[in-house]
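Colleague: Just so you know, the sequences run in chain order Y, R, B, A, E and U. Under this note's numbering, think of the first position of the first sequence as 167, with each following residue one higher. Under this note's numbering, think of the first position of the second sequence as 167, with each following residue one higher. Under this note's numbering, think of the first position of the third sequence as 167, with each following residue one higher. Under this note's numbering, think of the first position of the fourth sequence as 167, with each following residue one higher. Under this note's numbering, think of the first position of the fifth sequence as 167, with each following residue one higher. Under this note's numbering, think of the first position of the sixth sequence as 167, with each following residue one higher.
6 protein chains.
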Amino acid sequence: MLDSGITAIAYETLRDAKGTLPLLTPMSEVAGRMSIQEGAKYLERPQEGRGILLAGVPGVAPAEVAILGGGIVGSNAAKVAAGLGANVRIPRYQPRPPPLHLDDIMPPNVTTLYSDRHTIRETIERADLVIGAILITGARAPRLVRREDLTRMKHGGCDRSTVAIDQGGCVETSRPTTHRNPTYVVDGVVHYCVTNMPGAVGRTSTYALCNVTLPYVLQLANRGWRSVAAAYPGFAEGVNIDHGHVTNHAVADTFGLPFSALNTNPPTGRA
Amino acid sequence: MLDSGITAIAYETLRDAKGTLPLLTPMSEVAGRMSIQEGAKYLERPQEGRGILLAGVPGVAPAEVAILGGGIVGSNAAKVAAGLGANVRIPRYQPRPPPLHLDDIMPPNVTTLYSDRHTIRETIERADLVIGAILITGARAPRLVRREDLTRMKHGGCDRSTVAIDQGGCVETSRPTTHRNPTYVVDGVVHYCVTNMPGAVGRTSTYALCNVTLPYVLQLANRGWRSVAAAYPGFAEGVNIDHGHVTNHAVADTFGLPFSALNTNPPTGRA
Amino acid sequence: MLDSGITAIAYETLRDAKGTLPLLTPMSEVAGRMSIQEGAKYLERPQEGRGILLAGVPGVAPAEVAILGGGIVGSNAAKVAAGLGANVRIPRYQPRPPPLHLDDIMPPNVTTLYSDRHTIRETIERADLVIGAILITGARAPRLVRREDLTRMKHGGCDRSTVAIDQGGCVETSRPTTHRNPTYVVDGVVHYCVTNMPGAVGRTSTYALCNVTLPYVLQLANRGWRSVAAAYPGFAEGVNIDHGHVTNHAVADTFGLPFSALNTNPPTGRA
Amino acid sequence: MLDSGITAIAYETLRDAKGTLPLLTPMSEVAGRMSIQEGAKYLERPQEGRGILLAGVPGVAPAEVAILGGGIVGSNAAKVAAGLGANVRIPRYQPRPPPLHLDDIMPPNVTTLYSDRHTIRETIERADLVIGAILITGARAPRLVRREDLTRMKHGGCDRSTVAIDQGGCVETSRPTTHRNPTYVVDGVVHYCVTNMPGAVGRTSTYALCNVTLPYVLQLANRGWRSVAAAYPGFAEGVNIDHGHVTNHAVADTFGLPFSALNTNPPTGRA
Amino acid sequence: MLDSGITAIAYETLRDAKGTLPLLTPMSEVAGRMSIQEGAKYLERPQEGRGILLAGVPGVAPAEVAILGGGIVGSNAAKVAAGLGANVRIPRYQPRPPPLHLDDIMPPNVTTLYSDRHTIRETIERADLVIGAILITGARAPRLVRREDLTRMKHGGCDRSTVAIDQGGCVETSRPTTHRNPTYVVDGVVHYCVTNMPGAVGRTSTYALCNVTLPYVLQLANRGWRSVAAAYPGFAEGVNIDHGHVTNHAVADTFGLPFSALNTNPPTGRA
Amino acid sequence: MLDSGITAIAYETLRDAKGTLPLLTPMSEVAGRMSIQEGAKYLERPQEGRGILLAGVPGVAPAEVAILGGGIVGSNAAKVAAGLGANVRIPRYQPRPPPLHLDDIMPPNVTTLYSDRHTIRETIERADLVIGAILITGARAPRLVRREDLTRMKHGGCDRSTVAIDQGGCVETSRPTTHRNPTYVVDGVVHYCVTNMPGAVGRTSTYALCNVTLPYVLQLANRGWRSVAAAYPGFAEGVNIDHGHVTNHAVADTFGLPFSALNTNPPTGRA
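1. Is it buried or exposed for Leu401 (chain R), if we count other Cβ within 10 angstroms and need 16 for buried?
2. When you compare each of A:Lys245, A:Arg181, A:Pro257 and A:Arg292 to Ile271 (chain U) by their alpha carbons, which one comes out closest?
3. Throw me the rounded Cβ distance for the Pro364 (chain R) and Val226 (chain R) pair, which I believe falls under 8 Å.
4. Give, in chain order, every residue of the segment 357 to 386 of chain Y whose Cβ lies closer than 8 Å to some Cβ of chain C.
5. Answer with yes or no whether the minimum CB distance from Cys324 (chain Y) to chain B is below 7 Å.
6. Would you mind telling me which residues of chain R sit closer than 8 Å to Pro228 (chain A), beta carbon to beta carbon, in chain order?
7. Measuring only the C-alpha atoms, how far is Val223 (chain Y) from Ala374 (chain R)?
8. Which value, in whole angstroms, describes the spacing of the CA atoms of Gly217 (chain Y) and Glu291 (chain Y)?
9. Between Gly225 (chain A) and chain R, is any beta-carbon pair separated by less than 7 Å?
10. From U:Met319, U:Arg181, U:Val239 and U:Thr344, pick the residue whose C-alpha is nearest to that of Ala293 (chain U); which is it?
11. Alpha carbon to alpha carbon, how far is Ile233 (chain U) from Val276 (chain U)? Give it in angstroms, no decimals.
12. Just checking: is the beta-carbon of His284 (chain U) within a distance shorter than 7 Å of some beta-carbon in chain E?
13. Which bits of chain R does His267 (chain A) rub up against, with CB to CB less than 8 Å?
14. Between the segment 392 to 408 of chain E and the segment 172 to 179 of chain E, do at least 3 Cβ pairs fall closer than 8 Å?
15. Asn353 (chain U) and Arg309 (chain U) look like a contact to me (Cβ under 8 Å); what is the Cβ gap, rounded to whole Å?
16. So, helix, strand or coil for Asn388 (chain B), using DSSP?
17. So which residues of chain A does Ile271 (chain U) contact, with C-beta pairs closer than 8 Å?
18. Listed in chain order, which residues of the segment 237 to 262 of chain A have Cβ atoms closer than 8 Å to some Cβ of chain R?
19. For Asn242 (chain A), which of helix, strand or coil comes out of DSSP?
20. Closer than 8 Å by beta-carbon distance: list the chain Y residues that pair up with Tyr280 (chain A), in chain order.
21. Taking Ala221 (chain Y) as the reference, which of R:His267, R:Ser201 and R:Val417 has the closest Cα?
22. Give the interface partners of Ile218 (chain A) over in chain E, defined as CB-CB distance under 8 Å, in chain order.
23. According to DSSP, is His411 (chain R) helix, strand or coil?
24. So for Ala232 (chain Y), helix, strand or coil by DSSP?
25. In the DSSP assignment, what are the bridge partners of Val311 (chain R)?
26. Among residues of its own chain, excluding the 5 on either side of Arg199 (chain A), which ones have a beta-carbon nearer than 8 Å to its beta-carbon?
27. I'd like the span of the alpha helix (DSSP H) that includes Ile290 (chain R), first residue to last.
28. Check whether the Cβ atoms of Leu295 (chain Y) and Ala229 (chain Y) sit closer than 7 Å, and answer yes or no.
29. Of all Cβ atoms in chain Y, is any one closer than 7 Å to the Cβ of Arg292 (chain R)?
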């Protein structure tokens with residue numbers, strides 16, 4: 167890529183004015199909402215689950231869903247699970263006190279909890295479905311769910327038990343899977359860890375992604391990327407390669423390549 | 167069975183005081199709720215769907231769901247689809263004006279419509295997912311959805327389009343399937359017509375069924391079946407075979423066997 | 167009373183066309199709603215409770231409330247408890263399959279369950295507050311909660327634990343109390359069993375009671391009681407004494423008095 | 167005004183700490199909410215509409231409402247339209263990814279969409295009522311709805327069709343109207359473009375406006391305007407004229423008058 | 167009509183199995199929902215109202231709406247008014263204790279009250295909008311709102327005050343109006359008493375009416391009216407004229423014509 | 167304390183990045199939610215109230231609750247009161263236009279109002295329960311409720327009337343009380359002004375407090391307090407005493423002690 171001389175702008179490192187990663191938001195929304203419909207599927211017996219209907223019916227309790235993390239993935243998963251009728255608990259992993267109370271916008275069958283070790287274990291033990299929804303930018307997610315925790319999940323005399331869906335790597339026993347072979351079983355727990363979940367609903371995902379990308383594309387087309395990068399430092403963070411030079415520290419470090427500071431002054435004679 | 171001399175009481179013909187079939191209710195609830203999670207699955211690309219997330223995401227519209235019928239299957243499907251965030255339309259097939267307005271208990275993303283031919287076609291054409299939820303006791307469901315209607319459903323340049331789930335046989339192109347081979351495709355439309363849907367969530371279904379069965383079992387055990395049949399004519403309709411005699415008209419007709427009227431007086435010397 | 171020659175019409179035995187006891191309904195509504203605010207109070211430490219806020223706060227789970235019975239008392243208790251934010255479970259005691267699904271009108275933090283022995287125990291064990299809401303007309307409520315069940319309730323290292331509020335006598339250890347001495351403790355469980363709960367909110371209760379009584383009073387005043395009793399058999403059931411004669415079987419039996427059938431023909435010369 | 171020597175502070179250019187125009191907010195709230203009740207009125211036949219009840223009734227679908235813009239006008243319109251029972255779609259015009267998801271606080275019959283040309287046309291075509299709710303401070307609203315788009319709206323064999331209400335000028339065919347003559351018809355579409363909508367509900371509007379104005383008035387009275395302007399740069403932007411000098415660039419430009427920078431130091435000897 | 171020899175079946179006297187008037191239901195639904203959008207309009211100053219926005223805005227209270235009657239008109243009005251954000255009070259006129267609690271299906275800004283004289287006056291006095299929604303089949307509605315009550319409504323120093331909309335004649339000062347001249351003023355209160363409200367939204371009303379009529383039409387076409395009348399006594403009540411004979415008591419009485427009992431046996435030789 | 171040489175970090179002066187006091191938030195949430203259950207209790211007759219059920223019942227209006235202030239205490243009180251079914255009015259005291267509309271996240275039985283003198287009086291006069299929820303950091307709350315206002319509250323011919331609960335001192339007649347003697351009566355109004363409300367629900371309060379405290383404790387333990395204080399100025403504000411020196415201006419002023427600026431450079435040779 168360096169040899170090609172292109173300017174490479176990466177979705178996943180571009181930031182907005184508040185420091186968040188706007189181009190990752192829609193994929194997190196899709197993954198969060200889809201995680202519950204996948205979970206519902208793998209609780210069915212033909213898909214190796216325990217044979218539980220997530221929604222329950224009148225007179226039979228719905229499933230208990232534990233969602234680890236209350237960010238974009240977690241809150242979207244919670245909304246859908248609660249809409250289906252499940253009882254949802256969200257231990258939230260928060261290095262700082264929360265800026266926003268999920269409690270204000272979630273239906274009453276969603277309970278937020280503080281994510282300490284004790285709470286996580288207790289929540290997992292009573293859950294039929296565990297969603298790992300911790301994604302820490304540029305860092306490895308903490309191992310919130312340990313192998314020993316899974317063995318304490320409800321089995322109910324069944325050799326297969328509950329379902330763990332992991333989108334961030336916070337489950338010790340998780341390893342990447344694909345839509346072709348989406349699940350594997352560890353200690354009787356079905357694991358679904360498809361890395362590219364949104365790919366299964368490409369029509370929805372593509373629209374969602376274009377919605378957030380288009381405004382940037384329009385600015386790039388109208389003003390040229392150097393001008394946009396000069397105006398918005400967050401956009402400049404998205405520029406990883408500039409005419410054969412790596413302009414992103416992390417990329418340079420990862421591949422052992424020399425780093426060049428990004429020059430946002432247009433070179434003489436060109437935009 | 168006749169030779170065995172047993173008394174056979176059938177779940178599916180037992181009626182309650184209001185004439186409904188109480189032992190079928192829980193299975194209809196399970197099937198209705200489960201139909202939406204199956205529909206969501208078969209809208210995914212790896213399951214041959216168009217790649218649509220039923221719930222949508224902010225900025226991308228959710229799926230349109232057409233539910234034909236507003237009885238137990240239909241209203242449970244509607245509740246779950248609406249909870250997921252879909253736009254739901256329910257053309258209701260009603261030989262009589264409705265006794266209850268679904269509108270009073272459904273969330274605002276559910277719209278009820280009158281089920282005439284024009285409305286059904288219009289509703290199907292704009293739907294991403296069609297649920298057939300017409301079950302008329304002891305009769306063949308009317309063919310509300312014709313093969314030509316399906317070809318008008320949204321394809322979007324895709325060789326596979328929307329999903330039709332049929333629980334009552336109101337779709338012309340439906341034929342029974344199993345959990346092992348749940349779907350087939352007709353005219354580019356994925357069909358899911360598993361006859362025993364609740365079997366996939368056996369744990370939930372069994373509890374639901376026992377909840378409604380147990381009171382009858384207790385009465386049978388305490389009072390003897392003849393006494394219960396004498397007191398409740400609806401229960402008597404559930405008794406299909408009595409000591410080698412067929413006591414249900416429909417069963418007798420179907421198998422060409424002689425019919426005997428049910429005797430609810432206890433024979434001398436026994437309960 | 168017999169000697170006084172009065173005609174006595176009793177609130178508690180008067181029935182409406184559907185066989186329910188309409189003049190008891192408002193007091194059941196008051197008792198059901200009030201039971202939760204009493205329960206909330208006795209969960210506070212100064213009132214000998216475990217020091218739990220029924221509503222919880224963001225990050226701390228709300229109380230678990232078990233409501234035994236889904237009739238008027240139970241459904242009103244559920245509505246208020248859910249409104250406060252508690253997680254509510256309602257094992258419903260049903261001699262027959264339910265005529266109405268509470269699930270359709272309750273918020274999603276209310277779960278209905280079938281009331282068998284196993285479910286009741288499991289529900290009580292996880293509850294912080296248990297509401298006994300079984301009232302069977304003219305019969306002693308079944309002992310759904312046994313003394314041994316209470317000892318399994320959450321204690322949390324505390325010598326006082328959860329709260330049991332009984333309105334129907336379905337708790338083995340319940341005995342009537344008064345607003346002056348409303349509670350007592352058995353096996354570390356605070357019991358609140360005030361028989362006349364609505365008396366504490368007399369202003370609300372009086373309006374509620376007058377609302378249902380007034381239409382009867384108007385009919386009595388306009389048509390005379392014999393005429394009303396002749397037209398409405400349910401009203402006739404409310405007439406317990408007529409000119410010195412006991413006209414209600416249960417009352418006659420209880421006091422060992424002779425029973426006279428009610429004469430709804432006006433005596434000659436008077437209304 | 168300049169000759170009078172007054173100090174003129176303009177509601178519409180005063181900003182708060184976040185750069186928004188706080189004194190315009192209540193009028194936008196009023197206009198947004200009122201736009202739906204005006205739309206409902208002009209869908210009635212006697213007001214030249216198609217004879218549609220915005221709310222629908224059970225069995226007949228409610229109106230489809232397209233709201234262009236998800237700011238204060240648009241979100242208030244959406245809330246009221248959804249409360250009435252309409253199906254609402256909001257293509258949002260966003261030069262940047264949205265800071266807040268309307269989806270989190272809107273009822274489920276509101277769908278947000280990305281506002282590209284394709285989506286706008288599709289949304290308008292299926293709408294019974296279109297609300298233009300784009301207001302870009304200090305700029306002419308983009309022409310999102312073109313004359314050709316309106317001709318594609320539903321006519322239903324009627325010479326009058328749907329209703330377009332414009333509060334920002336984003337409809338090509340809109341021109342200002344008054345409460346005396348609020349509507350005109352273009353290509354069979356009723357247009358309502360009253361510029362001073364809040365004037366019709368003066369009692370509500372006056373309270374709403376005073377609520378946001380009073381805190382500024384109190385500060386002015388207590389500290390003097392120069393002191394307030396010195397402390398809050400946003401307030402200083404509201405000062406348009408100071409003792410005969412134009413202190414607002416846009417005003418000076420518009421009228422071809424000389425501009426003077428605002429002096430927030432109190433002149434010697436006076437406050 | 168008698169001379170023409172036709173058989174006349176009247177919408178307004180046909181009953182269903184429960185004794186209600188099914189063909190009037192949709193028009194009551196339309197009138198109830200529409201009454202609130204009319205009320206909102208006439209609270210605007212250009213329509214002679216007090217200049218109040220029914221929905222209010224944040225910081226300014228919404229309108230208080232009094233709805234007299236909790237039947238089909240009243241409950242539909244309440245739903246729409248509450249959806250708009252108004253505070254709604256419903257004194258219910260009930261000759262009998264209510265069969266259904268509106269409280270279970272209405273949002274929390276709707277309060278039901280018992281409809282005695284004291285409550286009605288108190289409710290009207292605090293209301294900005296009064297909806298008369300009492301319709302007693304075959305009888306003149308009671309005069310619940312007296313002229314003296316209206317003078318106590320909020321005027322606020324205004325010569326025009328609140329709005330009264332009457333659909334049943336329970337307001338003493340109401341007299342029928344038309345869509346051409348819908349309102350008049352008595353004692354400073356705007357009265358809207360259009361008798362044919364649904365006519366203004368003909369498209370919605372026609373669909374709603376056909377939805378309930380069509381099943382009867384199909385039965386008539388398939389079986390002949392005599393056969394249907396023989397099977398359903400409620401349908402027979404709808405037959406007002408049969409081959410030149412008046413077969414409805416009330417119609418015969420009103421016009422002083424001889425009454426003939428309806429013969430549901432088909433005459434020899436014809437259907 | 168100074169002599170002991172300790173470093174004292176105070177919960178109540180520590181700020182987060184946005185300038186709020188994060189360690190006070192959970193106690194405000196508890197106090198706000200608990201205030202309504204206390205209010206409900208003291209409206210009961212045995213607790214000297216007027217005998218009103220806060221929730222009302224069908225046919226009897228619920229209590230009117232006035233909440234002065236829309237911050238953390240007020241919004242939590244409003245949520246719980248509305249959940250119980252009360253009609254809630256919140257005059258909000260706002261020195262600046264509000265950053266967030268409570269209206270977007272509150273149920274429809276909550277009305278926000280601007281908190282001027284006129285509105286406060288009017289709101290109190292119609293209230294059954296008044297919650298004072300004004301807490302201005304480091305300042306005495308304004309006396310929004312004067313003694314004369316309370317005398318205008320509803321008495322209803324009762325010598326005891328409504329209930330005032332004060333958490334911030336905005337009621338003129340409030341004086342601190344304890345859980346042992348929580349109430350006193352002034353002018354017939356029950357006052358509940360327990361200063362340490364959360365103490366009564368210690369189990370909930372302790373978890374809530376630990377949830378927000380633990381992240382700070384972890385940082386202190388991992389990095390040493392000087393390092394944390396250097397990184398976060400808000401944390402530094404929490405350090406009141408450092409090795410015998412008062413490092414907080416307000417504390418120094420209050421006790422007449424010398425003030426020392428906080429030194430966040432670690433002393434040589436120690437952390």
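Think of the CB as a built atom: it goes at the ideal place given N, C-alpha and C, for glycine as much as any other residue. Computed from a predicted model, the values in this text were never measured in an experiment.
Modeller: A quick look at the data gives this:
1. As a position in the second sequence, residue 401 (chain R) is number 235, starting the count at 1. In the sequence on display, residue 401 (chain R) carries Phe and not Leu. So Phe401 (chain R) ends up on the buried side.
2. As a first step, residue 271 (chain U) must be located in the sixth sequence, where it is residue number 105. Of A:Lys245, A:Arg181, A:Pro257 and A:Arg292, the residue nearest in Cα terms is A:Lys245.
3. Taking the first residue of the second sequence as 1, we reach residue 364 (chain R) at position 198. Taking the first residue of the second sequence as 1, we reach residue 226 (chain R) at position 60. With 8 Å as the limit, Pro364 (chain R) and Val226 (chain R) do not qualify as a contact, their Cβ atoms being about 33 Å apart.
4. The structure shown contains no chain C; its protein chains are Y, R, B, A, E and U.
5. Position 158 of the first sequence, counting from 1, holds the residue named residue 324 (chain Y). With a pLDDT of 46 at Cys324 (chain Y), under the threshold of 50, the modelled position of this residue cannot be trusted; read the value that follows with caution. Chain B, which has no Cβ nearer than 7 Å to the Cβ of Cys324 (chain Y), makes this no.
6. By 1-based counting over the fourth sequence, the position of residue 228 (chain A) is 62. By Cβ distance, chain R contributes Thr277.
7. The residue given as residue 223 (chain Y) occupies position 57 in the first sequence. The residue given as residue 374 (chain R) occupies position 208 in the second sequence. About 7 Å.
8. Against the first sequence, residue 217 (chain Y) aligns to sequence position 51. Against the first sequence, residue 291 (chain Y) aligns to sequence position 125. Cα to Cα, Gly217 (chain Y) sits roughly 18 Å from Glu291 (chain Y).
9. Position 59 of the fourth sequence, counted from the first residue, corresponds to residue 225 (chain A). It does; some Cβ of chain R falls within 7 Å.
10. Here residue 293 (chain U) refers to the residue found at position 127 when the sixth sequence is read from its first residue. Ala293 (chain U) has its Cα closest to that of U:Met319, out of U:Met319, U:Arg181, U:Val239 and U:Thr344.
11. Mapped onto the sixth sequence, residue 276 (chain U) falls at position 110. Mapped onto the sixth sequence, residue 233 (chain U) falls at position 67. Each residue's alpha carbon lies about 10 Å from the other.
12. The residue you call residue 284 (chain U) lines up with position 118 of the sixth sequence. With 7 Å as the cut-off, His284 (chain U) does not count as an interface residue toward chain E.
13. Looking up residue 267 (chain A) in the fourth sequence gives position 101. Going along chain R in sequence order, the residues near His267 (chain A) (Cβ under 8 Å) are Pro224.
14. yes
15. Mapped onto the sixth sequence, residue 353 (chain U) falls at position 187. Mapped onto the sixth sequence, residue 309 (chain U) falls at position 143. The amino acid at residue 353 (chain U) is misidentified as Asn; the sequence shows Asp. Not quite, the Cβ-Cβ distance comes to about 16 Å (not below 8 Å), so this is no contact.
16. Looking up residue 388 (chain B) in the third sequence gives position 222. Asn388 (chain B) falls in the helix class under three-state DSSP.
17. Working through the sixth sequence from its first residue, we reach residue 271 (chain U) at position 105. Near Ile271 (chain U) (Cβ distances below 8 Å), the residues of chain A are Ile271.
18. Ala248, Gly251, Asn253, Arg255 and Arg258
19. For this step, residue 242 (chain A) is matched to residue 76 along the fourth sequence. In this structure, Asn242 (chain A) counts as helix in the three-state DSSP scheme.
20. The residue you call residue 280 (chain A) lines up with position 114 of the fourth sequence. In chain order: Tyr373, Cys376, Asn377 and Leu380.
21. Locating residue 221 (chain Y) in the first sequence gives position 55, counting from the first residue. When each option's Cα is compared against that of Ala221 (chain Y), the closest is R:Ser201.
22. To locate residue 218 (chain A), count along the fourth sequence from 1; it is residue 52. Chain E residues near Ile218 (chain A): Val367, Arg369 and Thr370.
23. By one-based count along the second sequence, residue 411 (chain R) stands at place 245. DSSP places His411 (chain R) in strand when its eight states are reduced to three.
24. Your numbering for residue 232 (chain Y) matches position 66 in the first sequence. Ala232 (chain Y): strand per DSSP, three-state reduction.
25. On the second sequence, position 145 is the one that residue 311 (chain R) refers to. In DSSP, Val311 (chain R) forms a bridge with R:Val337.
26. Position 33 of the fourth sequence holds residue 199 (chain A). Result list for Arg199 (chain A): Asn242, Ala243, Lys245 and Val246, in chain order.
27. Within the second sequence, residue 290 (chain R) is the residue found at index 124, counting from 1. Unbroken alpha helix (DSSP H) run through Ile290 (chain R): Arg283 to Glu291.
28. On the first sequence, residue 295 (chain Y) is found 129 positions in, with the first residue counted as 1. On the first sequence, residue 229 (chain Y) is found 63 positions in, with the first residue counted as 1. Yes; because the gap between Cβ atoms is below 7 Å, this pair is in contact.
29. Locating residue 292 (chain R) in the second sequence gives position 126, counting from the first residue. Answer no: the Cβ-Cβ gap between Arg292 (chain R) and chain Y never drops below 7 Å.
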